[in-house]
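J.: The sequence shown begins at 143 in this note's numbering and counts up by one.
One structure is given below, represented as structure tokens, and several questions about it will come after.
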Amino acid sequence: MGFARTCSVALVGVEGVVVEVQAGLEPGIAAFTLVGLPDKSLAESRDRVRAAVVNSGAAWPQKKLTVGLSPASIPKAGSGFDLAVACAVLAAAELIDPREIADLVMIGELGLDGRVRPVRGVLPAVLAAADAGYRQVVVAEQTAAEASLVPDVSVLGVRSLRQLIAVLTDAPVPEEDPPEEGRPDPMLAGLSLAGTGIGAGVFCGAGGGGHVPDMAEVAGQHLARRALEIAAAGGHHLYLKGPPGAGKTMLAERLPGLLPPLTPQEALEVTAVHSVAGVLPPGKPLVNTPPYCAPHHSATMASLVGGGTGLPRPGAVSLAHRGLLFLDFSDHPLRVRVTR
Ligand SMILES: Nc1ncnc2c1ncn2[C@@H]1O[C@H](COP(=O)(O)OP(=O)(O)O)[C@@H](O)[C@H]1O
Ligand SMILES: [Mg+2]
143 MGFARTCSVA
153 LVGVEGVVVE
163 VQAGLEPGIA
173 AFTLVGLPDK
183 SLAESRDRVR
193 AAVVNSGAAW
203 PQKKLTVGLS
213 PASIPKAGSG
223 FDLAVACAVL
233 AAAELIDPRE
243 IADLVMIGEL
253 GLDGRVRPVR
263 GVLPAVLAAA
273 DAGYRQVVVA
283 EQTAAEASLV
293 PDVSVLGVRS
303 LRQLIAVLTD
313 APVPEEDPPE
323 EGRPDPMLAG
333 LSLAGTGIGA
343 GVFCGAGGGG
353 HVPDMAEVAG
363 QHLARRALEI
373 AAAGGHHLYL
383 KGPPGAGKTM
393 LAERLPGLLP
403 PLTPQEALEV
413 TAVHSVAGVL
423 PPGKPLVNTP
433 PYCAPHHSAT
443 MASLVGGGTG
453 LPRPGAVSLA
463 HRGLLFLDFS
473 DHPLRVRVTR
């Protein structure tokens with residue numbers, strides 16, 4: 143009977159919990175059972191993992207196979223456990239050395255062809271792994287930069303299961319085509335938020351880049367400008383009231399320019415929330431300027447406060463964490479909230 147264990151991370155809100163992935167092989171009719179409160183997408187992991195292992199050139203063990211995710215009491219969602227499940231199975235079958243993976247944390251989805259795909263929430267997952275004392279993580283290559291933001295953790299970014307098996311067995315690492323460029327990954331570009339109503343009617347930016355509206359463009363309005371400066375300095379809420387055309391929107395849009403850059407600790411916090419929402423811009427893993435969120439006045443409740451089943455996604459209120467939530471409701475009084 144073969145047994146192996148490795149680790150992955152379950153997300154609970156925007157926090158991670160390290161999950162031990164155990165695989166046991168017993169003689170008997172070939173079967174694959176996954177236990178430990180998996181949701182639908184995780185239950186499908188069985189089929190993805192089997193196809194990925196076979197298509198990576200490894201033999202699938204023809205025995206009674208049980209994979210357990212513990213602690214079993216935490217509901218687990220998503221496809222980020224695939225990589226850990228595949229390696230635990232291969233180690234239980236002694237195709238890789240179980241000792242090589244026992245102290246690793248693996249976070250990544252597997253394609254049927256064995257490619258490793260990125261998942262949401264890698265930063266909070268790696269933060270949780272580091273807190274739990276793990277020092278080595280394996281993630282999809284596209285999320286390696288994000289994972290590397292966590293200090294004192296060594297990150298291995300892989301393109302495919304074949305590459306990871308080669309690294310773990312000290313074999314020459316095969317070349318793989320880079321992930322497709324040009325077409326942004328819908329998961330990382332935040333398009334998948336559409337299903338939850340998040341994204342529709344919500345503008346959320348992480349600041350930086352581009353032109354930041356400047357308070358110098360406002361003529362006069364000394365009292366209002368002073369109020370904005372005090373709100374920015376003290377992190378106060380601000381309510382602007384006045385006739386149309388008075389300059390309320392213009393003033394409020396210039397508030398982000400007054401906010402100081404995030405401290406390294408704040409930047410990690412904000413990036414973790416944006417990572418779980420899947421709205422981190424590719425190639426720019428760290429959000430280090432205060433985020434700015436301006437939901438449309440028709441935005442749904444879910445898009446504002448977040449929601450969804452399984453792995454809830456943050457809404458505009460959470461995405462504006464440590465930045466600015468700007469509610470410009472034409473038929474309603476206009477409110478601005480500095481969320482710090
Ligand atoms: N104090 C000001 N300095 C410069 N331009 C202003 C000022 N107040 C209003 N404006 C101009 O008027 C336009 C309308 O202002 P806006 O902020 O949309 O008003 P409100 O939101 O109060 O209805 C602005 O885009 C800007 O071009
Ligand atoms: Mg306005």
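Ideal Cβ positions, reconstructed from N, Cα and C, are used throughout, including at glycine.
1. Express the C-alpha separation of Val261 and Met329 in angstroms, rounding to a whole number.
2. Compute the beta-carbon to beta-carbon distance between Trp202 and Val209, rounded to the nearest angstrom, for a pair I have assumed lies under 8 angstroms.
3. Suppose you measure from the CA of Leu184 to the CA of Arg368; what does that come to, to the nearest Å?
4. DSSP has Glu395 in a bridge; who is on the other side?
5. Under 6 angstroms from any heavy atom of ligand 1, by CB: list those residues in chain order, please.
6. In whole angstroms, give me the CA-to-CA distance for Asp356 and Gly399.
7. So, with DSSP's three-state summary, where would you put Thr442?
8. Note the first and the last residue of the continuous alpha helix (DSSP H) segment covering Arg190.
9. Look at Gly263 and Arg190 and say whether their C-beta atoms are less than 9 angstroms apart.
10. Where His439 and Thr391 are concerned, what is the direct C-alpha to C-alpha distance, given to the nearest angstrom?
11. Compare the C-alpha of Ile372 against each of Ala388, Ala361, Pro402 and name the closest.
12. Please tell me whether Arg147 and Gln164 are closer than 9 angstroms, where the distance is taken between their beta carbons.
13. Check Pro437 in the structure and name its three-state DSSP category.
14. Asp294: beta carbon under 8 angstroms from a heavy atom of ligand 2?
15. Taking Cβ to Cβ, would you say Ser296 is nearer than 9 angstroms to Gln284?
16. Can you tell me the Cα-Cα spacing of Val221 and Lys182, whole angstroms?
17. My output table needs one value for Ile249: the three-state DSSP class, helix, strand or coil.
18. Do Pro456 and Val156 have their C-beta atoms within less than 9 angstroms of each other?
19. Could you check how far apart the C-beta atoms of Val160 and Leu225 are, in whole angstroms? I think they sit under 8 angstroms.
20. Using the C-alpha atoms, what's the distance from Leu211 back to Thr431?
21. For the structure I just gave you, are there three or more beta carbon pairs, one from the stretch 237-247 and one from the stretch 309-323, closer than 8 angstroms?
22. According to the Cβ coordinates, are Gly256 and Ser302 closer than 9 angstroms?
T.: Put simply:
1. In this prediction, Met329 has a pLDDT of 45, which is less than 50 and means its spatial position is unreliable; what the coordinates show is noted afterwards. So the two alpha carbons sit approximately 8 angstroms from each other.
2. Their Cβ separation, rounded to whole angstroms, is 13 angstroms, which puts Trp202 and Val209 out of contact at 8 angstroms.
3. Looking at the two C-alpha atoms, the distance is approximately 52 angstroms.
4. Per DSSP, none; premise fails for Glu395.
5. Around ligand 1, the residues whose beta-carbon falls short of 6 angstroms from at least one of its heavy atoms are Val360, Ala361, Gly362, Gln363, Gly384, Pro386, Gly387, Ala388, Gly389, Lys390, Thr391, Met392, given in chain order.
6. If you take the alpha carbons of Asp356 and Gly399, they lie about 6 angstroms apart.
7. It is coil, neither helix nor strand.
8. Where Arg190 is concerned, the enclosing alpha helix (DSSP H) stretches over 187-197.
9. With contacts defined by Cβ atoms closer than 9 angstroms, Gly263 and Arg190 do not form a contacting pair.
10. For His439 and Thr391, the distance between alpha carbons rounds to 13 angstroms.
11. Among Ala388, Ala361, Pro402, the Cα nearest to that of Ile372 belongs to Pro402.
12. Cβ atoms of Arg147 and Gln164: closer than 9 angstroms.
13. Here DSSP, grouped into helix, strand and coil, assigns Pro437 to strand.
14. No - ligand 2 has no heavy atom lying nearer than 8 angstroms to the Cβ of Asp294.
15. For the 9 angstroms CB-CB criterion, Ser296 and Gln284 do not form a contact.
16. The amino acid at residue 221 is misidentified as Val; the sequence shows Ser. Between the alpha carbons of Ser221 and Lys182 lies a gap of roughly 10 angstroms.
17. Strand, per DSSP.
18. Their beta carbons are under 9 angstroms apart, which means Pro456 touches Val156 by this criterion.
19. That belief does not hold up - the Cβ atoms of Val160 and Leu225 are roughly 15 angstroms apart, past 8 angstroms.
20. Roughly 37 angstroms separates the two Cα atoms.
21. Segments in contact, yes.
22. In this structure, Ser302 lies closer than 9 angstroms to Gly256 by Cβ.
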